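Asker: Residue numbers (our numbering), protein chains in the order written: chain A, 1 to 147; chain B, 148 to 294. Using N, Cα and C, we set each Cβ at its ideal position, and we do this for glycine too. Note that this is a predicted model, so its numbers are computed, not measured.
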DNA sequence: TCGGGATTTGACACCCAATAGCAACCTATT
DNA sequence: AATAGGTTGCTATTGGGTGTCAAATCCCGA
């Protein structure tokens with residue numbers, strides 16, 4: 001257990017934070033890598049992973065474990081929910097207020113110490129909804145949301 | 148897109164379903180592999196993965212993407228939520244009724260076609276709560292739930 | 001009961017997101 | 001400017017999960 005660890009602001013860390021904020025989206029580590037590499041071509045993917053982790057610890061950004069494919073990183077660390085397209089994987093914010101009551105409710109009913117919760121919606125983004133409606137692609141079968 | 152595919156009930160598939168039901172828990176593919184191997188020592192891990200997938204498609208069990216480490220499989224395919232210990236990784240059912248209203252609420256506010264949602268609680272199981280209380284281990288730092 | 005085509009198995013190679021190890025380098029502080 | 005130790009880039013590695021394919025198995029119809 002190390003004592004308080006100091007962090008330095010390197011050009012790499014600075015650019016990673018800048019690019020993820022500029023994107024205003026939910027990019028993967030690899031997407032961040034591609035964005036930053038345009039301005040710092042010799043940066044390595046490992047450095048991106050390390051700094052994303054540190055920026056999470058500092059509370060500047062947030063890591064999203066949506067339980068699919070790969071992790072994403074959110075420029076906005078404030079508590080909010082997400083919705084993910086089952087067809088193309090796109091991720092957007094879900095405009096729903098945080099549910100405070102469910103944790104209270106569960107607190108009555110469980111022997112766990114509750115610390116938090118994750119709520120992830122799954123569906124079809126506008127573009128993929130359109131494709132399904134026009135018959136261009138098949139809709140995901142029921143249950144896909146939990147597979 | 149193949150026409151309706153027939154499935155056979157092999158000894159492997161039968162035992163996998165039997166063991167996961169007997170466990171009444173949320174084992175990983177590897178844990179299922181270890182359980183089944185006691186009765187069928189020559190079964191391969193690939194067979195376990197393939198059959199767990201097929202049993203999900205058949206609606207006999209359910210795959211859980213809790214967004215951490217590895218996927219788990221639930222003997223009970225009925226819709227319910229889960230809670231996961233941030234310290235030891237144990238997973239249990241969360242005794243909370245399914246939230247129907249949130250999807251309706253979101254439907255009003257988004258351009259997505261909503262298909263489903265996942266709600267995952269995070270906290271400390273009784274054993275790990277005890278360890279924290281006695282000072283044996285450190286509590287997870289805030290934000291750990293989303294990292 | 002038997003035959004035969006489709007499904008399934010076991011073994012092994014492979015994929016890929018993410019992490020570990022390490023010497024050289026850089027940042028911040030004195 | 002000198003120093004301490006956090007940081008980088010590189011490379012190798014991990015580990016859950018998937019793909020391939022010949023051999024084995026299942027099941028349905030004759």
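Looking at the secondary structure, which residues open and close the beta strand (DSSP E) in which residue 221 of chain B lies?
Answerer: Start and end: 219 to 221.
Asker: Check whether the Cβ atoms of residue 113 of chain A and residue 276 of chain B lie closer than 8 angstroms to each other.
Answerer: Yes, the pair counts as a contact, with Cβ atoms nearer than the cut-off.
Asker: How big is the Cα-Cα spacing for residue 262 of chain B and residue 201 of chain B?
Answerer: Spanning the two alpha carbons is a distance of roughly 22 angstroms.
Asker: Could you spell out where the beta strand (DSSP E) holding residue 228 of chain B opens and where it closes?
Answerer: 228 to 232 is the extent of the beta strand (DSSP E) around residue 228 of chain B.
Asker: Comparing alpha-carbon positions, which option in A:18, A:107, A:11 and A:27 lies nearest residue 91 of chain A?
Answerer: Ranking A:18, A:107, A:11 and A:27 by Cα distance to residue 91 of chain A puts A:27 first.
Asker: Got a sec: is the Cβ-Cβ distance from residue 196 of chain B to anything in chain A below 8 angstroms?
Answerer: False, the Cβ-Cβ gap to chain A never drops below 8 angstroms.
Asker: Can a CB atom of chain A be found closer than 8 angstroms to the CB of residue 149 of chain B?
Answerer: Note that residue 149 of chain B scores 35 on pLDDT, short of 50, meaning its location in the model is unreliable and no value can be drawn from it.
Asker: Interface residues of chain A around residue 268 of chain B at Cβ under 9 angstroms?
Answerer: The contacting residues are 102, 103, 106, 110, 112, 114, 115, 116, 117 and 118.
Asker: Are any of the Cβ atoms in chain A nearer than 8 angstroms to that of residue 163 of chain B?
Answerer: Residue 163 of chain B does not count as touching chain A.
Asker: So with CB distances below 9 angstroms, who are the chain A contacts of residue 205 of chain B?
Answerer: Under the 9 angstroms cutoff, chain A gives no residues; its nearest Cβ is about 10 angstroms from residue 205 of chain B.
Asker: Measuring CB to CB, does residue 196 of chain B end up less than 8 angstroms from residue 172 of chain B?
Answerer: The answer is no: Cβ separation not under 8 angstroms.
Asker: Excluding sequence positions up to five away, which residues of its chain have a Cβ less than 8 angstroms from the Cβ of residue 83 of chain A?
Answerer: 91, 92, 93, 94, 120, 121, 122 and 123.
Asker: Can you tell which of A:31, A:68, A:87 and A:63 has its C-alpha closest to the C-alpha of residue 79 of chain A?
Answerer: Considering only alpha carbons, the answer is A:63.
Asker: I'd like to know if the region 8 to 25 of chain A and the region 35 to 42 of chain A are in contact, where contact means that at least 3 CB-CB pairs between them fall below 8 angstroms.
Answerer: A contact exists between the region 8 to 25 of chain A and the region 35 to 42 of chain A.
Asker: So is residue 23 of chain A in contact with chain B if we call contact Cβ pairs under 8 angstroms?
Answerer: Chain B, which has no Cβ nearer than 8 angstroms to the Cβ of residue 23 of chain A, makes this no.
Asker: Tell me whether the beta-carbon of residue 243 of chain B lies closer than 8 angstroms to the beta-carbon of residue 87 of chain A.
Answerer: In this structure, residue 87 of chain A does not lie closer than 8 angstroms to residue 243 of chain B by Cβ.
Asker: State the beta-bridge partners of residue 209 of chain B as determined by DSSP.
Answerer: Per DSSP, B:221.
Asker: Check for me: the alpha helix (DSSP H) holding residue 149 of chain A runs from which residue to which?
Answerer: Nothing about residue 149 of chain A can be read from this structure; chain A reaches only from 1 to 147.
Asker: For residue 99 of chain A, report the span of its beta strand (DSSP E) as first-last.
Answerer: Note, residue 99 of chain A: premise wrong, no beta strand (DSSP E); not H, not E.
Asker: Cutting at 7 angstroms between CB atoms, please list the residues of its own chain near residue 51 of chain A, excluding the five before and the five after it.
Answerer: 12, 13 and 16, listed in sequence order.
Asker: Between which two residues does the beta strand (DSSP E) carrying residue 282 of chain B extend?
Answerer: Run containing residue 282 of chain B: none; DSSP gives neither H nor E here.
Asker: Just how far apart, CA to CA, sit residue 147 of chain A and residue 224 of chain B?
Answerer: Its pLDDT being 37, under 50, residue 147 of chain A is placed unreliably by the model, and nothing is read from it.
Asker: So that I know if they touch, is there some Cβ in chain B lying closer than 8 angstroms to that of residue 96 of chain A?
Answerer: Residue 96 of chain A counts as touching chain B.
Asker: If you measure from the beta carbon of residue 91 of chain A to each beta carbon in chain B, is any gap under 8 angstroms?
Answerer: Cβ-Cβ to chain B under 8 angstroms: no for residue 91 of chain A.
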